[in-house]
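S.K.: Residue numbers for the sequence shown follow the working numbering, so the first one is 2 and each next one is one higher.
Note that beta-carbon positions come from the ideal geometry of N, C-alpha and C, so glycine has one too.
Predicted, not measured: the structure shown is a model, and the values here were computed from it.
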Amino acid sequence: MSPVVSGPCRWLVWLLILATLLALAGSPRLIGSVLIKGRRPTPRRPTVLRTKGQRGRDRCGPRLLVIGSQKGGTTSLYKYMKRFPWIGRGTKHGAHKELHFFDKWYQQATKSPTELGEEDIRNLQVEYLSKFGWTLAPSGGASGNQTCHDARTGNTFDVGGANPNAVLSDVTPRYIIVPDAAALADRISDDPFIVALIREPASRALSHFQMEWRERYEGTEGGGAMLRDSVAFAEEFEMHVRQGIKVSERCLRSFPKVSGACHHRGMSHVADFVWRGLYVVHLDPWIRQFGRNKVLLWVSEEFSSDPRAHLTELQRRVWDGPQEELGEEFSERFNVDEHVVFPKPESMELLKQFYREYNAVLCTTLRQWGYNRQAATIERLW
2 MSPVVSGPCR WLVWLLILAT LLALAGSPRL IGSVLIKGRR PTPRRPTVLR TKGQRGRDRC
62 GPRLLVIGSQ KGGTTSLYKY MKRFPWIGRG TKHGAHKELH FFDKWYQQAT KSPTELGEED
122 IRNLQVEYLS KFGWTLAPSG GASGNQTCHD ARTGNTFDVG GANPNAVLSD VTPRYIIVPD
182 AAALADRISD DPFIVALIRE PASRALSHFQ MEWRERYEGT EGGGAMLRDS VAFAEEFEMH
242 VRQGIKVSER CLRSFPKVSG ACHHRGMSHV ADFVWRGLYV VHLDPWIRQF GRNKVLLWVS
302 EEFSSDPRAH LTELQRRVWD GPQEELGEEF SERFNVDEHV VFPKPESMEL LKQFYREYNA
362 VLCTTLRQWG YNRQAATIER LW
């Protein structure tokens, strides 16, 4: 028989339990199962892929979305993708970069995707596909061009001279941080595959800041001196790091009910570049919406060291037709960071220390989602 705790000891036990619960509730560090309200991150959709050739033409829109992250290798991926004939080599109907459709919609939206009516969805789909050169086909008659009919919305699109079976692709690395983007993309796209490239977050943040520093002063009067001013760069970077950490920690205390000030629409520019590196927050809605087998998660450091292997996987997963053998042109390096100003080592250490615990939660969550290899890579490289 188990011993019974009585008298003062019983109250001591309850006080210890209460103190522990309060500590957990107040900790911004516990963003895994605690802040996701104990929900196991199981995708809503079945994780069984359809076999090749099973894709029907009952849906119209992009079949491939590259959602991020910025400075994670998306420009290189886009340039590789343009070389695939099945994406639309040399045509305006294939891969597009920086469309910003879903983040611009979110900035102006007054309804969530679940609140949008059928007419809203039809109009948004028309607006979105116009970015790829698709237009509504004339009602009651054929235009003479290839068409695509979407059984969900009732829209029929004239795809111009493009191959209607080509893989429309939208490469906009900001999508990963946009709330509701996943839900809307699911309603107006062609059951898309999602590609997310994630880079060690402190290095990503530094590269992001260095890019913006260069863009701010390059070509301006007196800008040449500022481009090389390591002291000014280091001081401003440190200010951004400290402010970004402060804002991000405040936002994470309320996760998953993150306030509007923590999202793309309200996040201050100073804090934004730190917030973007909290991948466990940003990946969650995409994997829940589309399922683990529709979201290709790549670690940027692995992608840059062997792009051909990743692109072969992309082709195998996305393209139903004949597989193209990828040559040396799919190993070319793009967008190699070349900077002349750098932060204080203490600033980078502060940023890495901030991310360290969240990266550990990310790895735990990735394993729950089934991304065991990616979790092991992150633990090894980050």
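1. Pairing CB atoms from the stretch 240-248 with CB atoms from the stretch 339-354, are three or more of them under 8 angstroms?
2. Applying the criterion that 16 or more other CB atoms from any shown protein chain within 10 Å of the CB defines a buried residue, is Asn156 buried or exposed?
3. On the CB-based measure, 16 or more other CB atoms within 10 Å of its CB, does Glu302 come out buried or exposed?
4. Under the DSSP definition of a beta bridge, which residues are partnered with Phe158?
5. Based on the DSSP output, what are the partners of Phe194 in its beta bridges?
6. Using CA coordinates, which residue listed in Val296, Pro308, Phe103 is at the minimum distance from Pro180?
7. Specify the secondary structure class of Ser170 as computed by DSSP and reduced to three states.
8. Can you tell me which of Thr136, Arg334, Pro139 puts its alpha carbon nearest to the alpha carbon of Tyr79?
9. Can you tell which of His150, Phe133, Lys98, Tyr356 has its C-alpha closest to the C-alpha of Arg123?
10. State the DSSP-derived secondary structure class of Val296, mapped to helix, strand or coil.
11. Measuring straight from C-alpha to C-alpha, what distance separates Thr154 and Asp285?
12. Which whole-angstrom value describes the C-beta separation of Pro202 and Tyr356, a residue pair presumed to lie in contact below a C-beta threshold of 8 angstroms?
13. Does the beta-carbon of Gln126 have 16 or more other beta-carbons within 10 angstroms, so that it is buried, or is it exposed?
14. Within 8 angstroms, do at least three Cβ pairs link the stretch 109-124 to the stretch 173-192?
15. Nearest to Glu250 by CA position, among His101, Ala226, Val67, Val282, is which residue?
16. Might you give, ordered along the chain, the residues of its own chain that have their beta carbon closer than 6 angstroms to the beta carbon of Ser190, omitting 5 neighbours on each side?
17. So Gly69 and Tyr218 are in contact, right, with Cβ under 8 angstroms, and what is the actual spacing, rounded?
18. Going by other Cβ atoms of all chains shown within 10 Å of its Cβ, with 16 needed for buried, is Thr173 buried or exposed?
19. Along the chain, where does the beta strand (DSSP E) containing Lys247 start, and where does it finish?
20. Could you tell me if Val341 is buried or exposed, where buried requires 16 or more neighbouring beta carbons within 10 angstroms of its beta carbon?
21. Checking 7 angstroms against the spacing of the C-beta atoms, do Leu298 and Ser170 come in under that value?
M.R.: Considering the structure as presented:
1. The stretch 240-248, when compared against the stretch 339-354, does touch it at the 8 angstroms Cβ threshold.
2. With 16 or more Cβ atoms within 10 Å of its Cβ, Asn156 is classed as buried.
3. Glu302 is buried by the Cβ-count criterion.
4. DSSP output for Phe158 lists Leu137, Cys149 as bridge partner(s).
5. BP columns for Phe194 point to Leu65.
6. Taking the Cα of Pro180 as reference, the smallest distance to any Cα among Val296, Pro308, Phe103 is reached at Phe103.
7. Three-state result, Ser170: strand.
8. Of the candidates Thr136, Arg334, Pro139, the one whose C-alpha sits nearest the C-alpha of Tyr79 is Arg334.
9. Closest by alpha carbon: His150.
10. In this structure, Val296 counts as strand in the three-state DSSP scheme.
11. Distance between the alpha carbons of Thr154 and Asp285: 27 angstroms.
12. Right, their Cβ atoms sit about 5 angstroms apart.
13. Its Cβ being crowded by 16 or more others within 10 Å, Gln126 is buried.
14. Flag = yes, the stretch 173-192 and the stretch 109-124 touch.
15. Closest by C-alpha distance to Glu250, out of His101, Ala226, Val67, Val282, is Val282.
16. A distance below 6 angstroms between beta-carbons, with the five flanking residues on each side excluded, links Ser190 to the following residues of its chain, in chain order: Gly62, Pro63.
17. Approximately 26 angstroms separates the beta-carbon atoms of Gly69 and Tyr218; this is outside 8 angstroms, ruling out the contact.
18. Of the other Cβ atoms in all chains shown, 16 or more fall within 10 Å of the Cβ of Thr173; this residue is therefore buried.
19. Counting along the chain, Lys247 sits inside no beta strand (DSSP E); it lies in the alpha helix (DSSP H) bounded by residues 231-253.
20. Result: exposed.
21. Cβ atoms of Leu298 and Ser170: not closer than 7 angstroms.
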